[in-house]
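Each residue of the sequence shown is one higher than the one before, starting from 1 at the first, in the UniProt record's numbering. Note that beta-carbon positions come from the ideal geometry of N, C-alpha and C, so glycine has one too. Here is the structure we will look at.
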Amino acid sequence: MNIDEHLSTGAVLERLGAQSASDYEAAVMRDVLLERFSGRDLDGLSEPEWLSAFGEMNRRKTTGWLKDEADNVKESSGEG
């Protein structure tokens, strides 16, 4: 599957492992792949390339409790 605007999150989820990744993680990973490897074949990425993209996906994704915690800090400090 070519990494372009037609790349489905389903294809990314399959590569991530549907049992261990969420649809949200697949969407974030798709964005990372489009930025870094547009035009390349998804299955043609080397292990270091995939792991680099995976690390970036994990850096970018937000989890509900972290966002909620940050919002609560802003509210209690009078910000926001």
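Exercise for review: Let me know the secondary structure DSSP gives D4 once reduced to three states.
Suggested key: The residue labelled residue 4 in the question sits at position 4 within the sequence shown. Looking at D4 - three-state DSSP - the assignment turns out to be coil, as it is neither helix nor strand.
Between which two residues does the alpha helix (DSSP H) harbouring G55 extend?
The residue given as residue 55 occupies position 55 in the sequence shown. Note, G55: alpha helix (DSSP H), 47–60.
Compute every distance between the C-beta of S46 and the non-hydrogen atoms of the ligand FMN, then say whether any falls below 7 Å.
The ligand FMN is not part of the structure shown, which contains no ligands of any sort.
Exercise for review: Please go through the same chain and pick out, in chain order, the residues whose beta-carbon is closer than 8 Å to the beta-carbon of F37, but skip the five residues on each side of it.
Suggested key: Numbered from 1 along the sequence shown, position 37 holds the residue referred to as residue 37. Excluding positions up to five away in sequence, the list reads I3, L45, E49, A53.
For this session: Verify whether the separation of the beta carbon atoms of L16 and M29 is less than 8 Å.
Result: Your numbering for residue 16 matches position 16 in the sequence shown. Your numbering for residue 29 matches position 29 in the sequence shown. Yes, they are a contact pair.
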